[in-house]
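Asks: Pasting a structure below so you can have a look.
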Amino acid sequence: MRISGDLTRALLDVNRSLRQSEATRRNNLAADRLDVAGEIALRQEFQQAARSYLNSIFSFSYTLERTELAQDELTQHITYLTRAAGQIDRLVSLYTVANSRTLRLARQGDFSAARNNFRFEEQQRSKAIQHMLDDASIKFTELLAQISTLQIAANDEMIRTETADQKRVQKISYGVLAAVAIVSILAALTTVTRTIIRPIRRVPASILNAGKNSAGTTTDEARQDEIGDILRAVENFGQGIQQRQRADQEKTARQLDEQSQAVTELSRGLKRLSEGDLTARIEVDLPAAYAELRDNFNHTLETLGDTITQIATASGSMKNSAAEISHGSEDLSQRTESQAATLEQTAAALDQITASVRSAANNARSVEGTMQNASADAVTNREVVENAMAAMGEIKKSSGHISQIITVIDDIAFQTNLLALNAGVEAARAGEAGRGFAVVASEVRALAQRSSDAAMEIKTLISNSSQQVDEGAKLVDQAGVALQTIVAQVSEISGLVSGIAEGASEQSLGLGEINTGMIQLDQVTQQNAALVEQSASTSRLLNSDAMRLAELVSHFQVEQQINLRSVA
1 MRISGDLTRA LLDVNRSLRQ SEATRRNNLA ADRLDVAGEI ALRQEFQQAA RSYLNSIFSF
61 SYTLERTELA QDELTQHITY LTRAAGQIDR LVSLYTVANS RTLRLARQGD FSAARNNFRF
121 EEQQRSKAIQ HMLDDASIKF TELLAQISTL QIAANDEMIR TETADQKRVQ KISYGVLAAV
181 AIVSILAALT TVTRTIIRPI RRVPASILNA GKNSAGTTTD EARQDEIGDI LRAVENFGQG
241 IQQRQRADQE KTARQLDEQS QAVTELSRGL KRLSEGDLTA RIEVDLPAAY AELRDNFNHT
301 LETLGDTITQ IATASGSMKN SAAEISHGSE DLSQRTESQA ATLEQTAAAL DQITASVRSA
361 ANNARSVEGT MQNASADAVT NREVVENAMA AMGEIKKSSG HISQIITVID DIAFQTNLLA
421 LNAGVEAARA GEAGRGFAVV ASEVRALAQR SSDAAMEIKT LISNSSQQVD EGAKLVDQAG
481 VALQTIVAQV SEISGLVSGI AEGASEQSLG LGEINTGMIQ LDQVTQQNAA LVEQSASTSR
541 LLNSDAMRLA ELVSHFQVEQ QINLRSVA
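In case it helps, UniProt numbering puts the sequence shown at residues 1 to 568.
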């Protein structure tokens, strides 16, 4: 059968895709590598192969039920294959959920948990699927062997039926011969005597002639003794037997004709009934012995026709509803799978965004700490500038005191110069006696002049230093103002960075909660996908049963104007 070949190929495809998916996932997990798109593609290929295998099982069971070999011996195997298909579909859904959980853990970077889930859950689901596939393959092989056995038994039964008919004809022939022999022996026993030998020898011939409907008589029949009476009695007995045989033959012929007519009409009606024609009726008149059988047959067909009509109407409605449910479940299953895949990708992208926001928050906190250190340094520098300004003031004040001292020194030098001048005048008046005193006075005057010049230079230097100190004080003052502005701006920037850090932290927490919600939503979506897949499997089983029922009903023809073929 072509369907059995398709079923075998589908089983090989399921085993191949399942092993390939497991090998790829095992290698990726061993290398801490993640290939979401590739593994999802392998999983979808496995799901498609599993659907093809289940559809092949349904097609094989449906086709087998329509053949002449659909006997009670095959019912258990067909029922097991159908139930096994439903269990395999459910296990595939559970395997899909376990696979999605493994991919989600690997996408989160927890490869250790992903390997554990792969080892303790996903592989367990895979082994359960493999076990069910092996059992189904064994049952399928047994079913094929049983089909072959039933075919051979059917051929042997046909041969035995023909042989039994031949033996039955032989037995009937032997029975007729035996009955004739018994009648002959009984007739002979009634005429036998122990004293007459020759007449006894003629009696069997007379009896045989009577049994053979012979018209002649023997010479011994004219005898007036007991032998003649016996022979005449035998002749009369033979004639009576012949009359009774003719009457029995006529009665048997009539009964056979009536029975043959009833059997023929009943056989014709049963043949049409076996072909699914429920409009077959026995309309001819049958003998009274078979009239009740005709009426019961016709009434049975009417009741069966009404029942099949109601079943056809209900099966048509059930088929349409099951087809709509199956189509809707298939669409919902595909949309749920697409939604689950999209949700997985969204969860992965959101996880990356959460990591980026968390990194930005950490960087903002680092910048906030740096700005706080810069603000503290600016405050410290402002204090240094204030101290420098105070030192400049002290230097300026000291320069004023030095200028006053220099002024006093300049006045002393001027007074000394006047005194030396007066001393020189007095020495000149003294003449020769005051010459030495005049020299001293001249030296003192020169010394006073140098002191006055030195004081003037120092005063000039002090004046210049005071001007530079004033300019330095102004610059320090400006630096202080600039530092105050910098401190204010740094404080403002630090506040802004702190706000950014707080906002980034809040965003990180919010995204973390959103990511947690997405993970939970992903889990729920995977569970929904599994439930939808189970619902789709159940709807496919229901649709297959409805199609089988409609196909069975379509073989019947009823009197009502209902096209049962359209129901199928």
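Note that the Cβ used here is the ideal one computed from N, Cα and C, for glycine as well. Note that the structure is predicted; figures quoted are calculated from it, not measured.
Rounded to a whole number of angstroms, what is the C-alpha to C-alpha distance between A427 and L447?
Replies: The alpha-carbon atoms of A427 and L447 are separated by roughly 18 angstroms.
Asks: Count the other CB atoms within 10 Å of the CB of S539; is the residue buried (16 or more) or exposed (fewer)?
Replies: Counting Cβ neighbours within 10 Å, S539 comes out buried, since at least 16 surround it.
Asks: Just to confirm the assignment, what range does the alpha helix (DSSP H) spanning E492 have?
Replies: Unbroken alpha helix (DSSP H) run through E492: 435-553.
Asks: In terms of alpha-carbon separation, which member of D410, A378, I129, G436 lies closest to S17?
Replies: When only C-alpha atoms are compared, the closest one is I129.
Asks: Do S537 and R83 count as a contact pair if the criterion is CB distance below 8 angstroms?
Replies: No, these two residues do not count as a Cβ contact at 8 angstroms.
Asks: Taking all protein chains shown into account, do 16 or more other C-beta atoms lie within 10 angstroms of the C-beta of I138, making it buried, or fewer, making it exposed?
Replies: Exposed.
Asks: Out of T300, Q339, A413, which has the shortest C-alpha to C-alpha gap to T525?
Replies: T525 has its Cα closest to that of Q339, out of T300, Q339, A413.
Asks: Which residues in the same chain have their Cβ closer than 7 angstroms to the Cβ of V367, if we skip the five residues on either side of it in sequence?
Replies: Answer for V367: V497, listed in chain order.
Asks: Is the beta carbon of S403 sitting closer than 8 angstroms to the one on S491?
Replies: Result no, Cβ atoms of S403 and S491 do not sit closer than 8 angstroms.
Asks: Comparing alpha-carbon positions, which option in A323, A347, N116 lies nearest E513?
Replies: Nearest C-alpha to E513: A347.
Asks: Do A550 and G316 come within 8 angstroms of each other at the CB atom, strictly closer than that value?
Replies: Yes; because the gap between Cβ atoms is below 8 angstroms, this pair is in contact.
Asks: DSSP on D277, reduced to helix/strand/coil?
Replies: The answer is strand: DSSP assigns D277 an E or B state.
Asks: What is the residue span of the alpha helix (DSSP H) that Q339 lies within?
Replies: Segment 288-430, the alpha helix (DSSP H) holding Q339.
Asks: Check Q557 in the structure and name its three-state DSSP category.
Replies: Looking at Q557 - three-state DSSP - the assignment turns out to be strand.
Asks: Hey, could you find the ends of the alpha helix (DSSP H) R115 is sitting in?
Replies: R115 -> alpha helix (DSSP H) spans 111-117.
Asks: According to the neighbour-count rule (16 or more other Cβ atoms, all chains shown, within 10 Å of its Cβ), is R25 buried or exposed?
Replies: Buried, by the Cβ-count rule.
Asks: Compute the beta-carbon to beta-carbon distance between T307 and A529, rounded to the nearest angstrom, for a pair I have assumed lies under 8 angstroms.
Replies: About 42 angstroms separates the two Cβ atoms, so there is no contact after all.
Asks: According to DSSP, is I88 part of a helix, a strand, or is it coil?
Replies: Of the three classes helix, strand and coil, the one that applies to I88 here is helix, per DSSP.
Asks: If distances are taken between C-alpha atoms only, which option among Q557, A433, D410 comes closest to Q310?
Replies: Checked all of Q557, A433, D410; the closest Cα to Q310 is Q557.
Asks: Closest to T342 by C-alpha separation, out of G328, S100, S329, S508, would be which residue?
Replies: Checking every option, the nearest Cα to that of T342 belongs to S100.
Asks: Assign V97 to one of three DSSP states: helix, strand, or coil.
Replies: In this structure, V97 counts as helix in the three-state DSSP scheme.
Asks: By Cβ distance below 7 angstroms, which residues in the same chain neighbour L105 in space, the five residues on each side in sequence not counted?
Replies: The residues are A113, A114, N117.
Asks: Can you grab the Cα-Cα spacing for the pair T370 / A504, in whole Å?
Replies: Distance between the alpha carbons of T370 and A504 is about 17 angstroms.
Asks: What is the DSSP secondary structure of A50, reduced to helix, strand or coil?
Replies: DSSP places A50 in helix when its eight states are reduced to three.
Asks: In three-state terms, what does DSSP make of D248?
Replies: Residue state, collapsed to three classes: helix.
Asks: Got a sec? Which residues, its chain only, sit under 6 angstroms from L434 by beta carbon, not counting five neighbours each side?
Replies: Per the sequence presented here, residue 434 reads as Gly, with Leu not at that position. Same-chain partners within the cutoff: A427.
Asks: For E386, which residues from the same chain have a beta carbon less than 7 angstroms from its beta carbon, with the 5 sequence-adjacent residues on both sides left out?
Replies: These residues qualify, in order along the chain: G480.
Asks: Rounded to a whole number of angstroms, what is the C-alpha to C-alpha distance between S466 and M389?
Replies: Each residue's Cα considered, the two are about 14 angstroms apart.
Asks: Can you tell me whether R445 is buried or exposed, with buried defined as 16 or more other CB within 10 angstroms of its CB?
Replies: By the neighbour-count rule (16 or more Cβ atoms within 10 Å), R445 is buried.
Asks: Between D110, L54, D377, which lies nearest to A136 when the distance is taken from Cα to Cα?
Replies: Looking at the Cα atoms, L54 is the closest of the given residues.
Asks: Compare the C-alpha of V92 against each of N15, A438, G328 and name the closest.
Replies: Nearest C-alpha to V92: N15.
Asks: Enumerate in chain order the residues of its own chain whose CB-to-CB distance from R43 is below 8 angstroms, with the five nearest sequence positions on each side excluded.
Replies: Hits under 8 angstroms: S21, T96, N99.
Asks: Would you mind stating whether K319 and M132 have Cβ atoms separated by less than 8 angstroms?
Replies: Not a contact, by the Cβ cut-off of 8 angstroms.
Asks: Quick one: what does DSSP say D285 is sitting in, helix, strand or coil?
Replies: Correct three-state label for D285: coil.
Asks: In this structure, does DSSP put G128 in helix, strand or coil?
Replies: Per the sequence shown, the amino acid found at residue 128 is Ala instead of Gly. In this structure, A128 counts as helix in the three-state DSSP scheme.
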